[in-house]
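*Asks:* Here you go, one structure.
Protein chains: 2
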Amino acid sequence: LKLSDQKAFFAENYSLNMDDYLQLDYIFETVADPHLAAAQLCQEMSTIQWHRLGVDEDFRPRFGAKVLSLTTEKIPHSSSSYLQAMLKHDASDIHRCQVTIAYPYHNFGTRIPNLLTIAAGEGAFHAPDIITIRWTDIHFPQSFLSAFQGPQFGISGLRELMDIHGRPIIFGVIKPNIGLTPEAAANIAFEAWCGGLDVAIDDEQMSDADWSPLAKRAEALTNARKRAEDKTGERKMYLANITDEVDQILPLHDIAMQNGANAVMLNVMTVGISAVRMLRKHAAVPIMSHFDLFGTMTQVPYHGIQEKVFSKLQRLAGVDALIYPGLSPRMKTTEEDVHATVDTGLAEMGTIKEMLPIPGGSQWAGSLETLYQAFGHADFGVIPGRAVFDHPMGPRGGAASMRQGWEAIQRGIPIKQYAQQHRELREAIQYQQK
Amino acid sequence: LKLSDQKAFFAENYSLNMDDYLQLDYIFETVADPHLAAAQLCQEMSTIQWHRLGVDEDFRPRFGAKVLSLTTEKIPHSSSSYLQAMLKHDASDIHRCQVTIAYPYHNFGTRIPNLLTIAAGEGAFHAPDIITIRWTDIHFPQSFLSAFQGPQFGISGLRELMDIHGRPIIFGVIKPNIGLTPEAAANIAFEAWCGGLDVAIDDEQMSDADWSPLAKRAEALTNARKRAEDKTGERKMYLANITDEVDQILPLHDIAMQNGANAVMLNVMTVGISAVRMLRKHAAVPIMSHFDLFGTMTQVPYHGIQEKVFSKLQRLAGVDALIYPGLSPRMKTTEEDVHATVDTGLAEMGTIKEMLPIPGGSQWAGSLETLYQAFGHADFGVIPGRAVFDHPMGPRGGAASMRQGWEAIQRGIPIKQYAQQHRELREAIQYQQK
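Quick note, the sequences are listed as chains A and B, same order.
Per my numbering, the first sequence starts with residue 344, numbered consecutively.
Per my numbering, the second sequence starts with residue 344, numbered consecutively.
This is the structure in C-alpha cells:
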C-alpha cells in the first residue's frame, strides 16, 4: 500500500458524520510501520480494492474504514512467538498498537452477522503484517442503536416480574446437571425454591434430550414452581434452556411456554447472537444468555475478542440477563473484564434497557459479599449450582444459605459471625472449605 | 475430586459401545496431576454433580465423559504465561497433555449447538486446574453421522452441475468488494466469466445492502451470467452471499433464487453452523462457506479450536464448498492444517458426500501449481480476487491468466516459460512481483 494510498484510510482527510460510523477499538502487534499496518487493516476490513481498473472512482471516502487514532509503543518481543515466526518477521522492531477505527456501517446495515464479518473476519484477523490482533471495544451511533430492540424486560422489568427489590436475584443451576428425570429435577427445584431460590435454571448442557424432553421437564418444573409460589408467597421462575439447532429455537420456545416455563436461555454463541435477536421478536418472557464458546475467543489477552464486545452485542440483541465468566480464577478472566460487563449492562444506551449481569463460576453464599463489594450495588444476579444442590442440608438448605449470606450483608455482620446463628450458612462455609 | 471419584471418568472401568460416543481430542496444559486434570475436564463437560444428595445413584456410567487415552510430557513453562499467572500456578511442574475423550452424545442428541456447548463451552474452557486447552479433533460414530444430510452436491455434484472435470474450479471474488452498483458488478463479472472464470462470488463483506440490494444484484449478475454462458458455451455460476440475521437467511435465499443466482454463501460462524443445516434443508443449490470469525478461535496453537474440527462440522451440516485459510503467511495457519481440511473434505464419512476445499488468501495463477503439488490432485477450488479483478488487462485477462496457469501444469511446462507465449499469465506474474 503506497503512502499516498494509506492516507485515504485516516480520518483527518475527511470530515466524518459520526452518526454513520461505528467505532471499533483494537490492539495489534506489527513489525511493519504502524501507520501502514493500520491502513492495511482498514483496507482489508472495507474497500480491499477501491476502484475498477481504468475507472476514475474511489470508494474509500464513502465505504472505507478510517483510523481515528493510533498509539504505539515498542515492545521487546511479540506476545505470540508462534505467529511471529509464521509471519517470518524479525523480532527486533515490534510495535504494540492501539487503534480506533471509524467504520461506515452502511456498508452492511444494522446486521450483527455482517458486523462480525467485518470486525472479526478475514479482514481483521488476516490483515497483512499484523502478528496478533484483539478486538477490544465497540461504540454505536444513535442511528445504529435505534434499529435494535434490546432487552424486553431489563433489570427493572425482571425485578417487577419477580417482585424482588433491593437485593441480587438468586439463580440456581439445577444439579445433577445431566441425567435427572423431569420429576426428579422438579423435586429438587421445589426444595430450592422453598429454601429461598428465585430462579431455577436448566444447566447449559441441558437440551430437549430424549431422557428429559423439554415439554415434560417444563411441565414438571412449572407444577413445582406453582406449589413453591403457593407455599412461600414469593414469585418464582423456571428458566428453560432452549439451545438447539437454530430452526428449533422458536418451536422450543413455544413448547416451553405451553408448559409454563417463564423464562428461556440460549447458549448464545453456539447458535449465533442473531438467534437472540430472532427470539427477542418472538418471546414474551425474559431471555437469558450463557457464555459457552466465548472462552475460545476471549481468554488470550493479545488475541481474539474482548468480553465486553460480546456483552454489548448481546444487550443490543435483546438479552435480559447475561451469565458470563465471573470473579473466580478458573473463569480465566480479569477483574477489569468482569466490571466492564457490569458497566456495559448498565450504561446508558439510548432507549435500550439495562441488562442484568450474572457473573458465573462456582458461586456460593460468600460470593454475594465479594460481588456486592466489587460492584457497589445489588443490581446483579448470583448463580450457584453445587452450592445449592449439593449443600449438605440439601437444596432447601443450600438456597437458604444464599438468603442468609445476603442478610448478613444487609445487617453489616461478617458472614462467619452471622453463620454462628444460621446453620445453613455455617454448613455452606464448611462445604467451600472441603 | 477424590481418586476414587476420578476413576469413574476413565474408560477402562466400562466396556463402552463406541457407537454411542463421540471421540473428542484435546491438548491441554496443567500443573495438577494430569489424571486429576483429565478427570475434572470430563466431569465439567458432562456430569458435574452425578448424584443427588442422599440418593444412591451414579450418572457417570451412562452420562459421564470418559478418558480413552492420555499422554503427557513435562514442559519447562506454560505456553501462556498470562493464564498461568492468573491461575496462580507454580511454573516448576507443567504438563502438556493429549487426551482423547469418549463423550456419550445421547446427553444432548445430534444437535450442533449443544455439541459446541459441551466440547467448547464452560466445561472444557473453564475446567479447574487447566491453564490452556485446545480442541484438536472430533470423530463421529455411524449412528451420529446418520442424523446429518451433509453436502447436497459435494464435489462430484458440483463438477456435474458445472460440467468441469479434471481441473480445479476457478472462483473469483468480485472486486471492488464494496461499493459497486449491481450493474457495475455484473459488467466486470461478465468480463471475468468470458475470460475463463467459472464462479463469480460476492465478497464475504457483501450483504443485502441498500446500495446493492440482493434482488437487483442477483438479477444483474444472472443476466450477465447467461450472456457469458451463451458466449463461451460453458456453464457459469453466480454465488450470492446471503449472510444476514439468521431469520433472514431463508428469505434471502429465496430472493437470490427468484433472481437467478445458482449458489449461495454463508459466513458460517457469524450465523452459527446450525444455520447451514437449516439452509441445507431448504436450498436446491450448492452452499458455500466463508471462514470469518474462525480466526478468533483457531490462530493460537495452544488455545481454542483446530480448523479441522470446524471443517468436519461444516461438512456434516451441508457445506458443498469450503473457503478456509490457505497456504499464505497472512492466513496464519499451518500447512498441516490446510492439508487436514482437504483430507476432512475427502475422507469417507458414511453416505455423506465430499466437500470441495477452497484454500483462500490472495490466490493467483501461480497458486494453482502450489496447491496442485501440495495436494496431489485437482479436487480443489482456487479463489483469486484482485488477481482477476485488478489484473492489468482487466477481469477478462485476469481470468484468462488462471486458465493459462492450469494449462501450464497440464502440459508440464513451468509457468514462467508458458507465460512467454501468454501475455495474461505474464502480466499476472508481474502483478504479483509489484
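By construction, the Cβ of each residue, glycine as well, lies at the ideal position given by its N, Cα and C atoms.
Any C-beta of chain A within less than 7 Å: which residues of the segment 661 to 680 of chain B qualify?
*Replies:* Against chain A - using a Cβ distance shorter than 7 Å - the residues of the segment 661 to 680 of chain B are Pro668, Pro672, Arg673, Met674 and Lys675.
*Asks:* So B/Ser617 and B/Ile481 are supposed to be a Cβ contact under 8 Å. How far apart are they, rounded?
*Replies:* 16 Å between Cβ atoms; not a contact.
*Asks:* Please report the straight-line C-alpha distance between A/Thr565 and A/Gly603, rounded to a whole angstrom.
*Replies:* Their Cα atoms are separated by approximately 5 Å.
*Asks:* Could you tell me whether the Cβ of A/Asn360 comes closer than 8 Å to any Cβ of chain B?
*Replies:* So, not an interface residue.
*Asks:* Taking the alpha carbon of B/Met631 as the reference point, which residue from B/Thr677, B/His646, B/Arg658 and B/Ala490 has its own alpha carbon closest?
*Replies:* Selected option, being the one with the closest Cα: B/Arg658.
*Asks:* Could you tell me whether the Cβ of B/Thr586 comes closer than 8 Å to any Cβ of chain A?
*Replies:* Judged by the 8 Å Cβ criterion, B/Thr586 is in contact with chain A.
*Asks:* DSSP beta-bridge partners for B/Gly703?
*Replies:* DSSP, once it has assigned bridges, lists B/Pro668 as partnering B/Gly703.
*Asks:* Tell me whether A/Ala428 is buried or exposed, calling it buried when 16 or more other Cβ atoms sit within 10 Å of its Cβ.
*Replies:* Result: exposed.
*Asks:* Taking the continuous alpha helix (DSSP H) assigned at B/Phe718, which residues delimit it?
*Replies:* First-last of the alpha helix (DSSP H) with B/Phe718: Ser710 to Phe718.
*Asks:* Determine the direct distance from the alpha carbon of A/Ala382 to that of B/Pro525, and round the result to whole angstroms.
*Replies:* Cα to Cα, B/Pro525 sits roughly 27 Å from A/Ala382.
*Asks:* Going by CA-CA distance only, name the one from B/Asn450, B/Ile370, B/Ala490 and B/Pro447 that's closest to B/Lys624.
*Replies:* Ranking B/Asn450, B/Ile370, B/Ala490 and B/Pro447 by Cα distance to B/Lys624 puts B/Ala490 first.
*Asks:* For B/Asn605, count the other beta carbons within 10 Å of its own beta carbon; 16 or more makes it buried, fewer makes it exposed. Which is it?
*Replies:* Counting Cβ neighbours within 10 Å, B/Asn605 comes out buried, since at least 16 surround it.
*Asks:* Starting from B/Thr479, trace the beta strand (DSSP E) both ways and give me its first and last residue.
*Replies:* Looking at the DSSP string, the run of the beta strand (DSSP E) that includes B/Thr479 is Ile473 to His482.
*Asks:* With burial defined as no fewer than 16 other Cβ atoms inside 10 Å of the residue's Cβ, what is the status of A/His734: buried or exposed?
*Replies:* Burial call: buried.
*Asks:* If we require 3 or more residues per run, which beta strand (DSSP E) segments fall completely within the segment 392 to 471 of chain B?
*Replies:* For the segment 392 to 471 of chain B, whole beta strand (DSSP E) runs of length 3 or above, ordered along the chain, are 409 to 418 and 437 to 447.
*Asks:* Does any residue of chain A bring its CB to less than 8 Å from the CB of B/Gln776?
*Replies:* For B/Gln776, the answer is no, since every Cβ of chain A falls outside 8 Å of its Cβ.
*Asks:* Closer than 8 Å, CB to CB, is B/Trp393 near chain C or not?
*Replies:* The structure shown has no chain C; the protein chains it does contain are A and B.
*Asks:* How many angstroms separate the CA atom of A/Ala535 from the CA atom of A/Trp554?
*Replies:* Whole-angstrom Cα-Cα distance: 23 Å.
*Asks:* Kindly give me the distance between the Cβ atoms of B/Trp487 and B/Leu365, rounded to whole angstroms, as I take these residues to be in contact under 8 Å.
*Replies:* The amino acid occupying residue 487 of chain B in the given sequence is Phe; Trp does not appear at that position. At roughly 7 Å, the Cβ-Cβ gap stays under 8 Å, so B/Phe487 and B/Leu365 are in contact.
*Asks:* Taking only runs of the alpha helix (DSSP H) that begin and end inside the segment 524 to 564 of chain B, which ones reach a length of at least 4 residues, in chain order?
*Replies:* Listed in chain order, they are 525 to 538.
*Asks:* Within the same chain, show all residues whose beta-carbon is closer than 6 Å to that of B/Thr676, passing over the 5 residues directly before and after it, in chain order.
*Replies:* Within the same chain, B/Thr676 has close Cβ partners Pro668.
*Asks:* Going by DSSP in three states, A/Pro727 sits in which element: helix, strand or coil?
*Replies:* Note: A/Pro727 maps to strand in three-state DSSP.
*Asks:* Please determine if the segment 645 to 661 of chain B and the segment 395 to 414 of chain A are in contact, where contact requires at least 3 C-beta pairs separated by less than 8 Å.
*Replies:* They do not touch, by the three-pair rule.
*Asks:* Select from B/Ser705, B/Tyr357, B/Ile437 and B/Lys579 the residue whose C-alpha is nearest the C-alpha of B/Thr373.
*Replies:* Per the Cα distances, B/Ile437.
*Asks:* Quick one: which residues of the segment 586 to 619 of chain A get their C-beta closer than 7 Å to a C-beta of chain B? List them in chain order.
*Replies:* Of all residues in the segment 586 to 619 of chain A, Thr586, Asp587, Glu588, Val589, Asp590, Asn610, Thr613, Val614, Gly615, Ser617 and Ala618 have a Cβ within less than 7 Å of some Cβ in chain B.
*Asks:* So what does DSSP say about B/Glu372, is it helix, strand or coil?
*Replies:* Three-state result, B/Glu372: strand.
*Asks:* Does the count of Cβ pairs from the segment 691 to 709 of chain B and the segment 737 to 753 of chain B closer than 8 Å reach three?
*Replies:* They touch, by the three-pair rule.
*Asks:* Tell me whether B/Tyr581 sits in a helix, a strand or coil according to DSSP, three-state version.
*Replies:* Three-state DSSP puts B/Tyr581 in a strand.
*Asks:* Alpha carbon to alpha carbon, how far is A/Cys537 from A/Glu562? Give it in angstroms, no decimals.
*Replies:* Answer to the nearest angstrom: the Cα atoms are 18 Å apart.
*Asks:* Can you give me the Cβ contacts of A/Asp401 inside the same chain, cut-off strictly under 8 Å, excluding the 5 residues immediately before and after it?
*Replies:* Closer than 8 Å at Cβ, skipping near neighbours: Ala351, Trp393 and His394.
*Asks:* Return the first residue and the last residue of the alpha helix (DSSP H) that A/Met505 is part of.
*Replies:* It spans Gly497 to Met505 - the alpha helix (DSSP H) in which A/Met505 sits, taken as one unbroken run.
*Asks:* Kindly list, in the order they appear in chain A, the residues whose Cβ is closer than 7 Å to that of B/Met745.
*Replies:* Result: empty, since nearest Cβ-Cβ is about 16 Å, beyond 7 Å.
*Asks:* Just the Cα atoms here: how many angstroms apart are A/Met549 and B/Ser389?
*Replies:* Spanning the two alpha carbons is a distance of roughly 10 Å.
*Asks:* Short of 7 Å in beta carbon distance, which residues of its chain neighbour A/Gly647, apart from the five on each side in sequence? Order them along the chain.
*Replies:* So the qualifying residues of the chain are Arg477, Met640 and Thr641.
*Asks:* Could you give the residue range of the alpha helix (DSSP H) that holds A/Val685?
*Replies:* Counting along the chain, the alpha helix (DSSP H) containing A/Val685 begins and ends at Glu678 to Leu689.
*Asks:* For the beta strand (DSSP E) containing B/Val643, list its first residue and its last residue.
*Replies:* It is not in any beta strand (DSSP E) - B/Val643 carries neither H nor E in the DSSP assignment.
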